[in-house]
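In full-length UniProt numbering, the protein residues as written are 1 to 244.
Every residue gets a Cβ at the ideal spot worked out from N, C-alpha and C, and that includes glycine.
Encoded as structure tokens, the structure appears first; notes follow it.
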Ligand code: ADP
Ligand code: MG
């Protein structure tokens with residue numbers, strides 16, 4: 001597929017003797033929303049982390065928008081900027097204001113002026129509904145607000161694809177929806193997204209495709225309706241039996 005934005009070909013990764021990613025082949029189209037599901041320890045986080053080389057791979061190829069992910073150096077930094085990542089823990093800079101958290105990358109990495117970076121940051125903060133918090137420090141915001149800032153901060157780098165690794169797992173239950181809604185609107189705007197989540201309602205609603213991982217292997221790929229109503233593999237049936 002030539003219009004795929006993220007492509008993994010025969011990707012293998014070991015941690016010592018543990019074969020965590022086994023011959024992963026995955027192609028994510030522009031604007032597609034992939035939800036990665038699988039039991040704990042199946043390799044979902046490792047797979048996300050290989051896509052921007054937070055983890056190296058042992059063999060195979062990963063390309064972003066047709067460009068092979070380089071091993072290191074400036075080219076890697078450039079490609080990394082095209083991949084936004086949001087983690088379970090919000091990882092905001094604790095000693096910087098919300099506005100500074102969002103403008104830092106564009107100023108340092110993209111070379112934007114303070115004025116331009118701030119104007120764009122305010123627009124992004126408004127989009128995720130926290131522009132009134134711009135002058136505050138991260139600790140003054142709720143977890144849901146901080147996570148929305150983390151999303152705005154990633155978007156400020158103008159990524160081509162956004163990776164979310166359990167973005168709502170650390171949140172109090174009443175804050176989960178505000179973050180999921182932000183992600184749904186991002187998806188509707190056409191952002192290419194790879195999301196690891198345990199929120200099955202969201203997965204059903206937002207996914208174009210479910211990719212089910214078990215023991216480091218892609219065991220099943222299906223539309224959400226197919227996957228949730230008619231899982232094919234025993235491992236997917238077992239997984240769904242435990243969580244639904
Ligand atoms: P998931 O996100 O699906 O829960 P992970 O990708 O975090 O799974 O982990 C997959 C497997 O790799 C697990 O067995 C985990 O213990 C192991 N693992 C993850 N990171 C490391 C690491 N840095 N060193 C050694 N083993 C790791
Ligand atoms: Mg994980």
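Go ahead and pull the three-state DSSP assignment for residue i.
i	result
residue 102	helix
residue 209	strand
residue 11	strand
residue 57	coil
residue 142	coil
residue 223	coil
residue 45	helix
residue 112	coil
residue 177	helix
residue 250	The question about residue 250 has no answer here: the residues shown for the chain are numbered 1 through 244.
residue 21	strand
residue 217	strand
residue 93	coil
Hey, how far is the Cα of residue i from the Cα of residue j?
i	j	result
residue 1	residue 25	Confidence is the limiting factor: at residue 1 the pLDDT is only 46, short of 50, which leaves the residue's position unreliable, though a coordinate-based value still follows. Going from the Cα of residue 1 to the Cα of residue 25 covers about 12 Å.
residue 244	residue 118	44 Å
residue 132	residue 109	26 Å
residue 157	residue 138	19 Å
residue 54	residue 234	32 Å
From this set, the options, which residue's C-alpha is nearest residue i's C-alpha?
i	options	result
residue 21	35, 60, 52	60
residue 63	84, 52, 228	52
residue 128	161, 94, 186, 80	186
residue 227	27, 211, 159, 135	211
residue 40	216, 155, 34	216
Check the C-beta distance from residue i over to residue j and give it rounded, since I have them as a contact under 8 Å.
i	j	result
residue 88	residue 206	The Cβ separation is near 18 Å, so there is no contact.
residue 179	residue 144	6 Å
Assess contact between the region 196 to 204 and the region 158 to 167, defined as three or more Cβ pairs (one per stretch) separated by less than 8 Å. Is contact present?
Three or more beta-carbon pairs drawn from the region 196 to 204 and the region 158 to 167 are found closer than 8 Å, and the two stretches are therefore classed as touching.
Meets three-Cβ-pair contact criterion under 8 Å: the region 63 to 72 and the region 226 to 242
Here the region 63 to 72 makes no contact with the region 226 to 242; the two share fewer than three CB pairs at distances below 8 Å.
Is the region 170 to 179 touching the region 97 to 104, taking contact as three or more C-beta pairs under 8 Å?
Because the criterion of three Cβ pairs below 8 Å is not met, the region 170 to 179 and the region 97 to 104 do not touch.
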